[in-house]
Amino acid sequence: MSSITNDIAILVENLWKFLAIPVILGLGLYFSIFTGFVQIRYFSRVISMLKEGFHHKDSDGNKREGVSSFQAFAISIASRVGTGNLAGVAVAIAWGGPGAIFWMWVMAFLGMATAFVESTLAQVYKVPANEPGHFRGGPSFYLSNALKSRPMAIIFSVLMMITFGYIFNMIQVNTIANSFLATFDISIQYTGIFLAILAGLILMGGISRIAKMSSAFVPVMAISYVLLGLVVIFMNYKSIPYVFQMIVTQAFTGNAATGGVVGLTIMHGLRRGLFSNEAGMGTAPAAAAAANTSHPVKQGLIQSFSVFTDTFVVCSITAFIILTSGVPIHPEAEGIILTQQALATSLGSASNYYLSIIIFVFAFTSVIGNYFYAETSLAYISGDNRIANTIFKVTVVIMLYIGVIAKSEFVWNLADLFSALMALVNLYAITRLFPILRLVLKDFSEQMKKGKDPVFYAENIGSPENIVCWDKDGQV
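Under our numbering, the first residue of the sequence shown is numbered 213, with each subsequent residue one higher.
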């Protein structure tokens, strides 16, 4: 088993070094430049767009059916904000040094543009689901419908199902189990059984239950953790200038944790950054496509904002909790244990109980959000076949228990492998469709300049082929 783990680790390192990192960063910069740095230009407008999700009404004041903009945002945040924000950040610091955080920020800034592109295109090429006012979409759909490449769409769907239905969820529950073992001395087997049963009950409730659960828990968990982090940072405020200096300096010089090798600092920062915010992986488009909104760009901007929230807010909070605490940092440090040690140093050992609860909420809502993405890909392959859907749910629940008892190093390597493969397939698709994206963004910008609340019709951009949800009424 150790031989397989080592082989996968070597494969992942080479894949990221020679292909994934140049492509992801290069295209992120390309999208940023040729959208006029949309992640900055419309940043202040996002909050008002999220309000549309609370009211969830159309331009005539009628209630919209289906998933709201805010619920779609909550689903994507539920998937993004999880183990990567607590254990993943700690792993990046332990293996790449404090400078890895700088490269997580770089990944997030460029990823905001990439997330905008993929999520807007998902809205453009979404298709109706079985329930009125509900939609499906994402890379599988625009690969097949817009680019007419069903084989690639199936490949992506399978990658999505494996990555988010199984592997990423294994990481989440593994972290919960280890945290509960360390804090409450609860056997990982018992935790695994509990998590599998709880997930099964929720997943059988369908998309609406997933959306409602995410929109209820995500704001509470995010605000709670951010407030806790701010308390710790305020307590250690004298260390903040030194921490900033350390992050920036070691981003370009490396540190003892990486043997002074800058490449390892960059590698771990970017890998953990992608795992956390998922920009470019093709995951958030599934949630973005589900939203019943008046213009695709609105949901694109909201998903771009979720990348900002994930990395610049939540991940940064974790980084400063660790780096201002003064706890020893070394490559052998376990991710979630390092975060717990940092909190205990500042707030006392009792804080570990609170952090374990936060970890549970973060990670478990990620499990639910991850399943939403996997189910969307399954629907593309099976056509909403109920038997296939039920079988998949059962296997997901089984894999949750296996994830609890699996070796974390092996699962993390698998996660890095499949996330890179997903990103490369998705980035190929959205690069091909980028001309359509620019037309949609231009339509949105022109309406905004006229003081309108933008509403999209396919005819606004010349009615490209295979756009089915944007007729004269704006929706099907």
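No residue lacks a Cβ here, since even glycine has one placed at the ideal position from N, Cα and C.
Since the model is a prediction, treat every value here as computed from it, not as a measurement.
Secondary structure of residue i, DSSP reduced to three states
i	result
residue 347	strand
residue 680	coil
residue 575	helix
residue 448	coil
residue 234	helix
residue 607	helix
residue 510	helix
residue 398	coil
residue 267	Confidence is the limiting factor: at residue 267 the pLDDT is only 46, short of 50, which leaves the residue's position unreliable and the question unanswerable from this model.
residue 359	coil
residue 330	helix
residue 665	coil
residue 381	helix
residue 313	helix
residue 550	helix
residue 675	coil
residue 324	helix
residue 596	coil
residue 556	helix
residue 254	coil
residue 618	coil
residue 228	helix
residue 217	helix
residue 472	Unreliable placement is indicated for residue 472, whose pLDDT of 47 sits below 50; the coordinate value is still reported in the next sentence. Residue 472: coil per DSSP, three-state reduction.
residue 541	coil
residue 643	helix
Per-residue burial, residue i [other beta carbons within 10 Å of its own, 16 or more giving buried]
i	result
residue 666	buried
residue 489	buried
residue 680	exposed
residue 540	exposed
residue 675	exposed
residue 658	exposed
residue 447	exposed
residue 610	exposed
residue 565	exposed
residue 239	buried
residue 562	exposed
residue 250	buried
residue 595	exposed
residue 522	buried
residue 677	exposed
residue 342	exposed
residue 483	buried
residue 683	exposed
residue 309	buried
residue 445	buried
Those residues which DSSP pairs with residue i across a bridge
i	result
residue 340	347
Cα-Cα separation, residue i to residue j
i	j	result
residue 319	residue 578	20 Å
residue 656	residue 227	37 Å
residue 232	residue 457	28 Å
residue 607	residue 455	44 Å
residue 586	residue 450	45 Å
residue 247	residue 315	22 Å
residue 271	residue 671	Annotation note: pLDDT 48 at residue 271 (below 50); position unreliable, coordinate value reported separately. In a straight line, the C-alpha of residue 271 is about 19 Å away from that of residue 671.
residue 324	residue 617	35 Å
residue 390	residue 529	22 Å
residue 372	residue 327	16 Å
residue 505	residue 349	14 Å
residue 268	residue 261	At residue 268, the pLDDT of 44 sits below 50, so the modelled position is not reliable; the number obtained from the coordinates is stated separately. Whole-angstrom Cα-Cα distance: 11 Å.
residue 398	residue 406	11 Å
residue 402	residue 612	12 Å
residue 415	residue 375	17 Å
residue 338	residue 485	27 Å
residue 340	residue 669	16 Å
residue 225	residue 479	8 Å
residue 243	residue 494	15 Å
residue 634	residue 443	37 Å
residue 461	residue 312	11 Å
residue 583	residue 597	16 Å
residue 653	residue 509	6 Å
residue 592	residue 520	29 Å
residue 525	residue 321	12 Å
residue 642	residue 329	7 Å
residue 632	residue 477	18 Å
Proximity test, Cβ basis, 8 Å: residue i and chain D
i	result
residue 364	This model lacks chain D altogether; it includes just one protein chain.
*asked:* Under 8 Å: do the segment 617-632 and the segment 218-226 share three or more Cβ pairs, one atom per stretch?
replied: yes
*Counting pairs of Cβ atoms below 8 Å between the segment 325-335 and the segment 547-558, do you hit three or more?*
no
*Should the segment 353-363 be called in touch with the segment 598-612, which here means at least 3 C-beta pairs below 8 Å?*
no
*If we count Cβ pairs, one from each stretch, closer than 8 Å, do we get three or more for the segment 483-498 versus the segment 292-310?*
yes
*Would you check if there are 3 or more beta carbon pairs closer than 8 Å linking the segment 520-535 to the segment 300-313?*
yes
*Decide if the segment 242-259 is in contact with the segment 509-527; the criterion is three or more beta carbon pairs, one per stretch, under 8 Å apart.*
yes
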